[in-house]
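Worksheet for the structure shown next.
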Amino acid sequence: MAHTFHISKSERHLKWDNSLPPVATVPSGSTLTFDLLDGGHNQFTASSTDADILTFNLSLADPAHGPIYVESAEPGDVLKIEFVDLRPARYGWTAIFPGSVGFGLLHDEFPEHKLQIWDLETHRQDGYTVFKEGIHVPVNPFLGVVGLAREEAGEWSTIPPYETGGNIDCKHITVGSVLYLPVKVKGALFSCGDGHAAQGDGEVCGTAIETPMNVTVRLTVEKGMQWVESPHYITSHEHTANLVRGGGKGEYAALGIDADLREASRKALRGLINWLVAEKRLTREESYILCSVAADLKIVEAVDMPHFGVACSLPLGVFVGPPYI
């Protein structure tokens, strides 16, 4: 018999901790629905402005909803997570936080704060949101935080990713995708959160299109998958089609070359921002935000030492009208 459980936005935590009592105990194969706060703990609303960044409480970031105890899950097993439905709220936000906060690949080069509010309702059926007139960003909902409790005792931040998942921020794990996570504690203790309406690979300014989200997932315990020692996933056909739709006009990319992989990534991002400013007449802050929600970092060279090659590429399909085409 199929079982369905609902988890409210009040059932959340801010640290991974295998001693947390579960908010629900479910059999393997159960479907769960979640009402999720956004990655900023709903501190921004559709009417927020740049000034609201100054009162943002970073200690509330990346709430995870749960944990869920899955019956029959034992250390050494794998939890299979199927993403059935991901429904963003009517609005979202992207922020450049002041440089001292440390978010963003170029945080030291962007000392001023900026908040972008996105309308996620008007063009929901069309599958995009408007960055500004002439620039559309395809909507591709996914969860930034999907994870299980760690084996180690104590409290662990929800901000970084771990071998057991967490804040993996992988835009490819969307509706129809399947994620596999290694179980380290009895019951697995599954939690999720941090809904995103869109993001580029790298989330380079530190935030995606952050949004509250209604979520439906199915949790199943898998035995005998010893090769899964970190998050593994299978993408959906629909996700592949969405990528083609967003990039059907090709890409513009800048390459960063450096002996340090992070510095090569910074150079690539800086190059793409410079192109957006020079050719598309966007501001540096607008360019940084657009790169975070729509551009992808890719390792294109990792064997010809001592240098790495990293590309930062933007689908030209985001430019849909004057003055950008």
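Going by this note's numbering, the sequence shown opens with residue -4, and the numbers climb by one from there.
Backbone N, C-alpha and C define an ideal beta-carbon position, used for all residues, glycine too.
Being a predicted model, the structure only gives us computed values, none of them experimental.
Asked	Found
Whole-number beta carbon distance between L176 and T159, since they are thought to touch under 8 angstroms	6 angstroms
Cutoff 6 angstroms; reference D291; Cβ partners in own chain excluding five residues on either side	G195, D196, S308
Local conformation of E217 per DSSP, three classes	strand
Reduced DSSP secondary structure (H/G/I, E/B, other) of A248	strand
Cβ distance (whole Å) where T169 is taken to contact L81 below 8 angstroms	7 angstroms
Cβ neighbour criterion (16 or more within 10 Å) applied to N269	exposed
Whole-Å CB distance - G304 paired with A259, under 8 angstroms assumed	7 angstroms
Assigned secondary structure, S308 (DSSP; H/G/I helix, E/B strand, else coil)	strand
Close Cβ partners of V216 (< 7 angstroms) along its chain, the five nearest in sequence each way excluded	S23, V65, S67, A68, D72, L74
Cβ-Cβ separation, H118 to A59 (assumed contact under 8 angstroms), whole Å	A59 to H118, Cβ: 30 angstroms. No contact.
Between the CA atoms of G171 and I229 - distance to the nearest angstrom	9 angstroms
Inter-residue spacing [alpha-carbon to alpha-carbon] between T211 and L27	6 angstroms
Which of helix, strand or coil DSSP assigns to E128	coil
Distance CB(G139)-CB(D103) smaller than 8 angstroms	no
R82 - containing beta strand (DSSP E), residue span	73 to 83
Residues near T278 by beta carbon distance below 6 angstroms, same chain, minus five either side	none
Closest Cα partner of D189 within the set E205, K181, L174	E205
Nearest-angstrom Cβ-Cβ length linking L32 and K4, presumed shorter than 8 angstroms	5 angstroms
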